[in-house]
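I have placed the structure first, in the form of C-alpha cells, so that the comments after it can refer back to it.
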Amino acid sequence: MLILKGIPCSAARQRGILRHSWLKNQILGIDAGFVVQMRGRPSLREARESFERKILPGGEFDLRLGEARQLARDMVDGFSPTQLANSGPLADLPAEVLAAVKSAVHREYLSETGIEQREGPLNAACDLLADALREFSDVWVGRTSGPNMLRKSFEQLQLRARALHEQLEQLPEGIVLP
Amino acid sequence: MTLPRILIIDDQFANEADIRTARRVEYGLVEIDAGTSDEELKRRAQEAKDDTGEEPTAAAVFCSGQVRRGGTVENSVQEVLNAVRSGWPSPAGWSWALILLDVHFVSTPARDDDTRFGWRLLGELMRTWPDPDALPGNSELPIVMLTTLSRSAGELDASKRGARAYVEKNEEKGKEKDKLTRDRLRELLGEHGLIGDPSGKLVGGSRAMLKVLREARQVARMGAGNAMILGPQGAGKSALAEYIHRQSMQNGRGPAFVEYASSPAVKQLEYGHLFGYWFGAHDMAKESACGKAELAHKGTLFLDEVHYLASDTQQALLLFGRPDKETGTRWIRRLGNFPAAANVGQAYKSIRGGKIDSNTSLIPVDVLLLTASNQPIDDPEWRAEHGFDDSLYQRLATEYAGRPLRYPSLSRRKEDILLLFDDFLIKETRKIGGRLNEEGSKTLDAELVERLRDYSWPANVAQLQGVAAEVARNAKDFPDVFARHLPPLPHDPTRPAPPKPDPAPDVTPPPATTAHGLAEAERVLRSVQVPHSLDELRGQLPALEKAYSCLIKEVLEVTLKQMMSSHGPERFCLPAFKCLCGSEIKNTGQAYSKLLRLYKLFGKDYPPTPGSALAIALTKARENRTAGGGSDGDENDE
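Protein chains in written order, with our numbering: chain A, 1132 to 1309; chain G, -15 to 622.
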C-alpha cells in the first residue's frame, strides 16, 4: 500500500487542519492552568475573548466538529484511488473499462485500509468531544464554578480531543494506492 | 541590558490571542512590536516580572506570514520578508536575536501547499540573507524551526534547508526534551541567538560582535578543548577570553582564569612560567613552583600574544594542547627533575594540578586552553616566516573549535562606537568624580558624535577607551560634551593626509591634472568585474571609491566653474549647488554645508587643486562656517 502524499487530496488536507491547527494547537497545546488564569485575570481579556469565540456554542470548535463529522462521512471516497482515474491516461479508457478498473481498485483499497470501519469510532470520538465541549463551555460561563472545576473540565476536553486526534492520526495522509 | 528581541513567524500565534498569550506565558515572553523602544521594553519586562514572579526570557514580535483580503487569508512571503527586515537591523540598531519559524500556515480557503509554506519561507530567507562568512546554504539569520510537525517528520528538511535547530511546539510522548519551554528557549538563545553580554563587560550590539559572542559561547560549551582568538591590537581579545571563561563556568568549569602574555623579552623563562619547575631546575629555582597552567586547573588558561612563544614552549604546548579525549586531562612536565629527599615535601606542596604520576612526575590538569594573537598567524606563509609551528596552530585554533574566532576591529562594528564610548566615558567620569547628567551619563554633542563615528580607530577599542578617558578629564565639570573636548586624533590611515591650507582665491584655470584623474577613473570603472564573493567586492571597493570620488569632484568643478563665470567668484556657490541639487538648496549656508559634505567624499585622495573653483568654494565654505553662519544675507537667499 502506497500513500501518495504529493498529490492534492482534500480529505488529507482536512485531516491535517483538524489535527494540527485545531486539536493540537488550540486544545492539546493549551495548559489547563492558563485556561483558569484566562477566565480570572482582567489583563488577559484579549486572550479570553479569542478563546470564547472558539469554545462557546456556535463558535469555531463547533464548526471544526462539523468538519470532522463531514470528514467521517466523506473519507472513504476522499482517500480512494478512484479519484486518480478521473484524470491522466486512465481517463481516456472506455467508460465501462474505466468503471471496472475503478471498482476493482476501490475494493482493493477498502480491503487493505479497512477505512469503512473507522467511520464509527471517528464519529463516536466527535460525539464525546462535543459532549465535553458543551460541558466545558457551561462551566466556563457558569459564574459559580471554581477554578478546580474549570481545570478538570478543560482536562476532560483535552482527553476527548486526544482521543479524536488519535482517530484522525489513523487516517491516511494522502490518496491510498493499494 | 534589554531583553533579546525575537521574531516568531507563526499564523496561529499571531492571529489567535488565546494561543499567543498561552505560549507567551509558557515561554516567558514579553509581547512587543518592532517599534518598541528599549525604555518601553524595560518597563514591560519589569511588569511581566512583577506579574509572574519570573524573569522574562525574551521580547517577541509575532508575524502571521499572511495577508487578509476580504474573506480570504493568503500566505505571503513578502509579509515575512518585511517583518524580518524591520529588525535586521532595526532603525534603532538592534537585530533579531532569534527567529522562530513555523512550517504549516493555514490559508483560507486552505491550499495544498499550506503544509510546506514554512519550508518555502526558510528558502527565501536563506537566499535573501546568506551568511558571507560561511559556505553556501547558510544564512546569517538565526532561524529555528518551531512546529507541531514531529521531529522525525521535519528535522531532515530543517537541517537540509539551513535552519539552526528544530523544536516542537507540543509535547510528544517520551520526547519532552524536544518541546519548547522557557528553559529550552534560553538554551536556544545561548546556542544560536545573537545576544549581547548580559554582564555588560563586553559592550556592543553590532552583528559582527554578536556573531563572535555566539561563537564564543559555542567554544565555552566544548569543555576542555582549545580555541584561538585572532584580532587586531586593542580590539578586546582578552575581554572575549574572559567572556568565554564566564560562559564556561555556566557549563560547569571552575572559576580559575589565568592569563599569560608571551613576550619576546622572557623567552628563556617562558617554559617555567607556563609549566612550572622543580627545585634546582635553574639558578633561580630555590624551591619548586607551579606554572600558570597548573594555576588554571579546572578553569581556563589564556595565552595572549601566542605568536611570541619560544620554540621549546611551542613544542611543549603541542603536547599540552592535546587533552585526553575521554577525561579532558592534559599532562604537565615541569622544568627540571623531581627533587631528592630534602625538598620532596615542598615539591608536593607546590602542586596545584591533579595527582602527580609517581613514575613520570607528570602532573595532570584540566583546563580550557584559549590563545590569542594580533598577528596573521592563520596564514601559513606568515607561520613559515616567523617560525610558528604549523601543527601547533592547527591544534590550538582548529582541531577543537573548527576555526579561530575572529574578533572584529572597531572599524568593522561602527555601530558599537558610541555604545562603547558612552560606557567608557561614564566609567571614567565616575572614577575621577566628574559631572554626569540626570540620567547618569554625559550628553554628547552631534558634532562630537559625527567625529567619533567618522574616525577609523586604527588602534581599536583601546584607543577609544583612551580618548574617552581624556574627554572625561577635559569635560570633568560639565554634563555636556562637545567636539572641542576631544584630544587631537592621530592621522586616520583610511583618510587622506590632512588637506593643505587653501591658497588665496585665484580664478586662474586649474592645471591639467584633471584629464589624468578622469582617465584613471574611467579606466577603473571600465575594468570593474562582477565580484564573485564579498571578499572580491571588498577588494574592489577602494579603487571604485577613488574613481567615483574623482567623478564627483570633476562634475562639481565643471558646475562651479560655469557658475563662477556667469556670477563672479563671490556669488557662484549657491547657483552652482542649485544647479546640482535643485530646490533643496535654499541658501548659501546650505550650499556650503553640502560642499563640505561632498568634500568628505572626494577629499580622500583628491585634495582640490590650488586655485580651482573647488578650492575657492571650499575656502569660502570654511570662512562661512568660521564666521558662524549657516546662511548669509548678501547672496539674495530665499
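Each residue gets a CB set at the ideal place from its N, CA and C atoms; glycine is no exception.
Chain A contact for residue i (CB, 9 Å cutoff)
i	result
Glu58 (chain G)	no
Ala94 (chain G)	yes
Arg4 (chain G)	yes
Gly614 (chain G)	Any reading at Gly614 (chain G) must be qualified, since the residue scores a pLDDT of 44, below 50, and its modelled position is unreliable; the value itself is stated next. It does not; no Cβ of chain A falls within 9 Å.
Asn444 (chain G)	no
Ala385 (chain G)	no
Asp35 (chain G)	yes
Gln(-4) (chain G)	yes
Thr41 (chain G)	no
Asn154 (chain G)	yes
Val9 (chain G)	yes
Glu171 (chain G)	no
Rounded straight-line distance, which links the Cα of residue j to that of residue i
i	j	result
Leu409 (chain G)	Asp464 (chain G)	12 Å
Ser357 (chain G)	Tyr150 (chain G)	36 Å
Asp1111 (chain A)	Asp1262 (chain A)	Here chain A has residues from 1132 to 1309 only, and residue 1111 (chain A) is not among them.
Glu622 (chain G)	Tyr576 (chain G)	Residue placement at Glu622 (chain G) is flagged as unreliable, the pLDDT there being 29, under the threshold of 50; a coordinate-derived value is accordingly withheld.
Ser1284 (chain A)	Glu1266 (chain A)	7 Å
Gln1145 (chain A)	Leu1194 (chain A)	13 Å
Ser1234 (chain A)	Glu1297 (chain A)	30 Å
Gln1201 (chain A)	Asn1156 (chain A)	21 Å
Val61 (chain G)	Ala137 (chain G)	23 Å
Ser533 (chain G)	Leu602 (chain G)	16 Å
Ser596 (chain G)	Ala446 (chain G)	41 Å
Asn210 (chain G)	Asp22 (chain G)	37 Å
Pro494 (chain G)	Leu544 (chain G)	Interpretation of Pro494 (chain G) is limited by its pLDDT of 41, a score under 50 that renders its predicted location unreliable; the figure taken from the coordinates is listed afterwards. When rounded, the distance between both Cα atoms is 12 Å.
Lys33 (chain G)	Ala452 (chain G)	36 Å
Gln(-4) (chain G)	His469 (chain G)	55 Å
Leu580 (chain G)	Leu394 (chain G)	26 Å
Thr498 (chain G)	Glu541 (chain G)	Note on Thr498 (chain G): pLDDT 46, under 50, position unreliable in the model; the coordinate value appears next. When rounded, the distance between both Cα atoms is 10 Å.
Asp267 (chain G)	Asp341 (chain G)	26 Å
Ser1152 (chain A)	Val90 (chain G)	8 Å
Asp630 (chain G)	Lys1185 (chain A)	No information on residue 630 (chain G) is available, as it lies outside the stretch -15 to 622 that chain G covers here.
Pro489 (chain G)	Arg555 (chain G)	Because the pLDDT at Pro489 (chain G) is just 44, under 50, the model does not fix this residue reliably, and the value given afterwards should be weighed accordingly. Roughly 13 Å between the two C-alpha positions.
Glu434 (chain G)	Arg419 (chain G)	23 Å
Ile1306 (chain A)	Ile1161 (chain A)	32 Å
Ala1226 (chain A)	Cys1140 (chain A)	24 Å
Supposed close pair residue i, residue j - CB separation, criterion 8 Å
i	j	result
Ser272 (chain G)	Phe259 (chain G)	About 12 Å separates the two Cβ atoms, so there is no contact after all.
Ile569 (chain G)	Leu582 (chain G)	Not a contact, Cβ separation roughly 12 Å.
Leu448 (chain G)	Phe405 (chain G)	6 Å
Leu319 (chain G)	Tyr261 (chain G)	4 Å
Interface flag, residue i vs chain G, CB-CB below 9 Å
i	result
Ala1226 (chain A)	no
Asp1162 (chain A)	yes
Met1206 (chain A)	no
Phe1165 (chain A)	yes
Pro1309 (chain A)	no
Phe1182 (chain A)	yes
Glu1297 (chain A)	no
Leu1291 (chain A)	The displayed chain sequence assigns Arg, not Leu, to residue 1291 (chain A). It does not: the Cβ of Arg1291 (chain A) has no partner Cβ on chain G nearer than 9 Å.
Asn1156 (chain A)	yes
Residue interval of the alpha helix (DSSP H) (run including residue i)
i	result
Arg4 (chain G)	Ala1 to Tyr11
Gln1289 (chain A)	Pro1278 to Glu1300
Gln202 (chain G)	Arg191 to Arg205
Trp366 (chain G)	Pro364 to His370
Ile1134 (chain A)	Where Ile1134 (chain A) is concerned, there is no enclosing alpha helix (DSSP H), although the beta strand (DSSP E) it sits in stretches over Leu1133 to Leu1135.
Trp1271 (chain A)	Glu1250 to Val1272
Glu175 (chain G)	Arg166 to His176
Tyr332 (chain G)	Val328 to Lys333
Beta bridge counterpart(s) of residue i as assigned by DSSP
i	result
Asp288 (chain G)	G:Ala245
Tyr1240 (chain A)	Answer is none; Tyr1240 (chain A) lacks a bridge partner.
Pro114 (chain G)	G:Ser123
Tyr377 (chain G)	DSSP lists no partner for Tyr377 (chain G).
Met1206 (chain A)	Answer by DSSP bridge pairing: none, since Met1206 (chain A) is not bridged.
Pro1220 (chain A)	BP columns for Pro1220 (chain A) are empty, so no partner.
Leu428 (chain G)	G:Val465
Cys47 (chain G)	G:Ile(-7)
Endpoints, beta strand (DSSP E) assigned at residue i
i	result
Val57 (chain G)	Thr56 to Asn59
Leu354 (chain G)	Leu352 to Ser357
Met212 (chain G)	Asn210 to Leu214
Chain-ordered chain D contacts of residue i [CB-CB under 9 Å]
i	result
Arg1144 (chain A)	The displayed structure is made up of protein chains A and G, and chain D is not among them.
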